[in-house]
Amino acid sequence: MALTRKQKRLSIIAVLGIVLALATALILSALRDEIVFFFSPTELLERPELSGQPVRVGGLVLVDSWVRDGENNAFAVSDGASEVMVTYVGLLPDLFREGQGVIAEGRLTEEGNFLATTVLAKHDENYIPKEVEQALKEQGNWQGKYE
Amino acid sequence: MSIELGHFALILAAAIAVGQTIVGFLFWRTGNRVTAFVRQAAVLQFLFILVSFLALVQSFVLSDFSVALAYEYSHTQQPLIYKITSVWGNHEGSMLLWVLILALFGAAVAVFGRNLPGDLLALVLGVQGALGAAFVFFTIFTSNPFERMNPVPFEGRDLNPILQDIGLAIHPPLLYVGYVGLSVCFSFAIAALISGRIDAAWARWVRPWALASWTFLTLGIAMGSYWAYYELGWGGWWFWDPVENASLMPWLAATALLHSALVMEKRVALKVWTIFLAILAFSLSLLGTFLVRSGILTSVHSFAADPTRGLVILAMLAVTIGGAFALFAWRAKTLRVGGLFAPISREGALILNNLFLATAVAAVMVGTLYPLILQAFGGPMISVGAPFFDLTFGALMVPLLILLPLGPFLAWKRGDFVAVIQRLAGAAGLTFLLTLVTVFLVGGQVSLATLGLLLGFWVAIGAIAEIVDRVKLGRIPAGQSWLRLKGLPKTAWSTALAHFGVGVAVLGIVSVSAWETEKVVSIGVGESVELSGYEVRLSQVEQLAGSNYIAERVKFDVTAPDQSVRSSFSEKRVYTASRQPSTEAGILTYGFSQFYISLGDQDESGNRVVRVWFKPYITLMWYGSLIMALAGFLSLSDRRLRVGAPKTARPTPQPEPAQ
């Protein structure tokens, strides 16, 4: 099967086109289904339809709210206006403290509890996650740098 | 005093870089004296930055806290090695390291490039000079590491505990060498576009630099992954975090560049695409280094972010990357299209390789930047995590890995697909057999992991099959095979070795993703927990004092399934200067597998929360990366690729003048 110069080029371009189209479709569908939305506690409580879906919630760990029993942790995440109770089984990050910024990823139950699968606190004492900063600002509770 | 000398040397280096740029760009056609000037300038620029870097190192080593940076990130009680590594454990110091390596590469081109055509060398060094000037000025004006402070504090504030680790001595320098090495490919690409001189020889000159950068990037990324794995205590080795993605993208682009430069060198095809990749690879390096620093993207690994410099950084990136691609768009059409080939051929296979790698770069880039773009247009706040990347990146890697072993078997220009399949039939059979045996041994059902194992074995065995096929093992007398084996060129060995490394790494990744087990328990002294046949007993708790921290050290006795007992130590440290806590995980290696013990807090009853993982064959992914890097070094040592080797197989046609 001898291909002409033009046919050779066309067949290569056709393969490239097909692969690119498939990859684009894949990326677009993944962007629709595989992303996780971030909410402040206030937003989360306003939208009960979110329960069961993977989401992120962020805010400050409410002072005096952290209860632990062995590997089980429960604490409240607050944006100043409202708070969500988060439960997490496992080791919390070294810099997890009350009053510090934190992001929890997990699902909201029907009862309004947040079951976290991951808890992120950055490895820097003065760190406030950008999303948390914005959530606090929206509730009018931003006081510049939290120490 | 020496700190002022360092500052002064840096300013001088910037001035030299400016001179190097102007002379290089304006007079590149003039001849040998201009070339000699820019070569000397490149070497001199490097020496001055070296002086400046050493001055900064000295202030850290001597704990000279009149230097603001040493005060912020250093402490008298740090061990010497961490005093030195603290130099680049922050934004300003790491910028200085970055420009030092940039200048080192410029000087290396000047020294090893003696045999390059003078005009091309002048242009290449001109571009290197421009990059050097831009980033040295950026360092001086926005990130000056030589700021003094008055009054002088008695004690420093200490480096972030997470960074007080040997990983900081190894990972950033390796990664920077990889990132910055790509600047040479970039400069060659710009020089080619300006001069219009681009031929097979160009690819031969660029390939060693691409290869060296790729090798160091591979090492840097693998080391970074292992460092995060043992230091962060989360047991994870890759988080699809923006910083990680930022290093993966240039690596993918550099991998594509290596392969396309091969086509260009051997067959004078894919010229425009290779130039594009050379520009893209370094642009992605810049994006990786600086987008994270600008504070626009947040990451678990970034320690050097300072959003105030964001605008300057973005402007510089826009000018460098935008300018390069504008030049590309303007000049690329002057490049003549090269040799023809059939769709099924070595060239065709390498094009497919490039297609999948480039698409993978696009997928990773979309995932990394999408949250930013969405927010810029007032959309919701989102995070794109592992599920997105696993799906898209994973799906793109599957066909790439399936096709990978076929490539080296295909002939240049016109390949015979059926014959290749026949020659690989043995390897395919062995792959299926090994996968079946493995799946049977772990007692698992057929799942996605089975596909992953198939791919890993296929790539690794395919690489061995290539060597076996080349020496005609079994088809000719053994003695002759042996002679052929000894006569194989290093490039054949390095190709097979690199591909073998890919297969090994895939096996490690698949194994640990599919069969990892973990448990979180709360236990006291003397109690134990069982996981995957291993019994972990918390045997002892002791307090100890390190040089600049106090620690609670917990000893675990781990009984393996074969009844052997080994001890592992996990620590909870509090650094005295910064009062920051840090956890050191205990890791025991059994063959290629690891047992990982992370320590939590003590509760009221005196029990400790302990998280244990069994990670089967996890080290294969890092060994695989090391094998890839080894292949890179092997290929670099090949005489035929000796940096700047001047010999061309046939005389290159005289290039037409640019204008």
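Chains as they are written, first to last, in our numbering: chain E, -16 to 130; chain S, 1072 to 1730. Here a beta-carbon is modelled for each residue, glycine too, at the ideal position from N, C-alpha and C.
Does any C-beta atom of chain S lie closer than 8 Å to the C-beta of K(-9)/E?
For the purposes of this step, residue -9/E is identified with residue 8 of the first sequence, where counting begins at 1. Chain S, which has a Cβ nearer than 8 Å to the Cβ of K(-9)/E, makes this yes.
Closest to G1527/S by CA distance: which of L1385/S, T1502/S and L1140/S is it?
Counting from one through the second sequence, the residue named residue 1527/S turns up at place 456. Checked all of L1385/S, T1502/S and L1140/S; the closest Cα to G1527/S is T1502/S.
Uninterrupted alpha helix (DSSP H) stretches inside the segment 1535 to 1578 of chain S (no shorter than 4 residues):
1549 to 1558
Any C-beta of chain E sitting closer than 8 Å to the C-beta of V1207/S?
Walking along the second sequence from the start, residue 1207/S turns up at place 136. False, the Cβ-Cβ gap to chain E never drops below 8 Å.
L1443/S: beta carbon under 7 Å from a heavy atom of the ligand GDP?
Absence of the ligand GDP is noted for the structure shown, with no ligands found whatsoever.
V1654/S, DSSP secondary structure in three states
One-based indexing of the second sequence puts residue 1654/S at position 583. Note that residue 1654/S is Thr in the sequence shown here, rather than Val. Strand at T1654/S.
Whose CA, out of D1540/S, A1567/S, S1618/S and F1666/S, lies closest to the CA of V1636/S?
Residue mapping note: residue 1636/S aligns to position 565 of the second sequence, counting from 1. Nearest option by C-alpha distance: F1666/S.
Report the CB separation of S1123/S from G1077/S in whole angstroms; it is logged as a contact under 8 Å.
As a working note, residue 1123/S is residue 52 in the second sequence. As a working note, residue 1077/S is residue 6 in the second sequence. About 4 Å separates the two Cβ atoms, so the contact holds.
Using C-beta distances below 7 Å, list every residue in its chain close to E108/E, excluding the 5 sequence neighbours before and after it, in chain order.
The sequence position of residue 108/E within the first sequence is 125, counting from 1. With a pLDDT of 46 at E108/E, under the threshold of 50, the modelled position of this residue cannot be trusted, and the question is left open.
Quick one: which residues of the segment 34 to 52 of chain E get their C-beta closer than 8 Å to a C-beta of chain S? List them in chain order.
R39, R51 and D52
Pick helix, strand or coil for L(-1)/E, following the three-state DSSP scheme.
As a working note, residue -1/E is residue 16 in the first sequence. Residue state, collapsed to three classes: helix.
When the cut-off is 8 Å and only beta carbons count, does D107/E lie next to chain S?
As a first step, residue 107/E is located in the first sequence; it is residue number 124 there, counting from the start. Any answer about D107/E is weak, because its pLDDT of 49 lies below 50 and its placement is not dependable; what the coordinates show is given next. Chain S, which has a Cβ nearer than 8 Å to the Cβ of D107/E, makes this yes.
Compare the Cα-Cα distances from F1183/S to each of P1279/S, V1158/S and V1510/S and report the closest residue.
Start at 1 with the first residue of the second sequence, and residue 1183/S comes out as number 112. The shortest Cα separation from F1183/S among P1279/S, V1158/S and V1510/S belongs to P1279/S.
Measure the Cβ-Cβ separation of V38/E and V60/E and say whether it is below 8 Å.
Position 55 of the first sequence, counted from the first residue, corresponds to residue 38/E. Position 77 of the first sequence, counted from the first residue, corresponds to residue 60/E. No. Outside cutoff.
Beta-carbon contacts of A1141/S that lie in its chain and below 7 Å, excluding the five residues immediately before and after
For the purposes of this step, residue 1141/S is identified with residue 70 of the second sequence, where counting begins at 1. Same-chain partners within the cutoff: S1130, F1131, S1134, D1135 and G1227.
Contact set between the segment 8 to 24 of chain E and chain S, restricted to residues whose Cβ is under 7 Å from the partner
L9, I10, A13, L14, E17, I18, V19, F20 and F21
Whose C-beta lies closer than 7 Å to the C-beta of A1088/S among residues of the same chain, with five residues either side of it excluded?
Residue mapping note: residue 1088/S aligns to position 17 of the second sequence, counting from 1. Counting only Cβ-Cβ distances below 7 Å, and skipping sequence neighbours, we find Q1116, G1200, G1203, A1204 and V1207.
For A1299/S, does the three-state DSSP call read helix, strand or coil?
Counting from 1 along the second sequence, the entry for residue 1299/S is found at position 228. Residue state, collapsed to three classes: helix.
Which complete alpha helix (DSSP H) runs does the segment 1250 to 1310 of chain S hold, if anything under 4 residues is left out?
1271 to 1303
May I have the straight-line CA-CA distance separating S65/E from T1630/S, to the nearest angstrom?
As a position in the first sequence, residue 65/E is number 82, starting the count at 1. As a position in the second sequence, residue 1630/S is number 559, starting the count at 1. So the alpha carbons of these two residues sit roughly 49 Å apart.
Run of the beta strand (DSSP E) containing Q1614/S, from where it starts to where it stops
Working through the second sequence from its first residue, we reach residue 1614/S at position 543. Unbroken beta strand (DSSP E) run through Q1614/S: Y1605 to A1616.
With distance defined between alpha-carbon atoms, name the residue in L1351/S, A1332/S and I1350/S nearest to K1342/S.
For the purposes of this step, residue 1342/S is taken as the residue at position 271 of the second sequence. With distances taken between Cα atoms, K1342/S lies closest to A1332/S.
Return the residue from the list L1382/S, L1282/S and G1486/S that minimises the CA-CA distance to F1704/S.
The count along the second sequence starts at 1 and reaches residue 1704/S at position 633. Checked all of L1382/S, L1282/S and G1486/S; the closest Cα to F1704/S is L1282/S.
Secondary structure of V1138/S, DSSP reduced to three states
Position 67 of the second sequence holds residue 1138/S. V1138/S falls in the strand class under three-state DSSP.
Specify whether the segment 1677 to 1688 of chain S and the segment 1591 to 1601 of chain S touch according to this definition: at least 3 beta carbon pairs, one from each stretch, less than 8 Å apart.
yes
Using the Cβ count rule (16 or more neighbours within 10 Å means buried), how would you classify T1391/S?
Here residue 1391/S refers to the residue found at position 320 when the second sequence is read from its first residue. Buried.
Does DSSP put E1418/S in a helix, in a strand, or in coil?
Within the second sequence, numbered from 1, the residue matching residue 1418/S stands at position 347. In the structure shown, E1418/S sits in a helix (DSSP, three-state: H, G or I).
With burial defined as no fewer than 16 other Cβ atoms inside 10 Å of the residue's Cβ, what is the status of W1305/S: buried or exposed?
Residue mapping note: residue 1305/S aligns to position 234 of the second sequence, counting from 1. The residue is buried, with at least 16 neighbouring Cβ atoms inside 10 Å.
Where the beta strand (DSSP E) through Y1688/S begins and ends:
Here residue 1688/S refers to the residue found at position 617 of the second sequence. Unbroken run through Y1688/S: none, as it is neither H nor E.
S1610/S vs D1628/S beta-carbon contact at 8 Å
Translated into positions along the second sequence, residue 1610/S becomes position 539. Translated into positions along the second sequence, residue 1628/S becomes position 557. Going by C-beta atoms, S1610/S is nearer than 8 Å to D1628/S.
Which residues, taken in chain order from the segment 1448 to 1478 of chain S, show a beta carbon closer than 7 Å to some beta carbon of chain E?
P1451, M1452, I1453, S1454, V1455, G1456, P1458, F1459, L1462, T1463, A1466 and L1467
Based on Cα-Cα distance, which residue from E1598/S, E1655/S, D1633/S and V1596/S lies nearest to I1621/S?
If you number the second sequence from 1, residue 1621/S lands on position 550. For I1621/S, the nearest C-alpha among the options comes from E1655/S.
Any C-beta of chain S under 8 Å from that of I(-5)/E:
Locating residue -5/E in the first sequence gives position 12, where the first residue counts as 1. Answer yes: the Cβ-Cβ gap between I(-5)/E and chain S drops below 8 Å somewhere.
Note down, in chain order, every chain E residue with its Cβ under 8 Å from the Cβ of S1653/S.
Residue mapping note: residue 1653/S aligns to position 582 of the second sequence, counting from 1. Near S1653/S (Cβ distances below 8 Å), the residues of chain E are D77.
Just the C-alpha distance for A1720/S and W1276/S, rounded to the nearest angstrom, thanks.
As a first step, residue 1720/S must be located in the second sequence, where it is residue number 649. As a first step, residue 1276/S must be located in the second sequence, where it is residue number 205. Only weak support is given to the placement of A1720/S: the predicted model assigns it a pLDDT of 43, under 50, and the value that follows is read from those uncertain coordinates. Distance between the alpha carbons of A1720/S and W1276/S is about 14 Å.
Distance between beta carbons of G1177/S and N1103/S, contact taken as under 8 Å
Locating residue 1103/S in the second sequence gives position 32, counting from the first residue. Locating residue 1177/S in the second sequence gives position 106, counting from the first residue. About 19 Å; that fails the 8 Å criterion.
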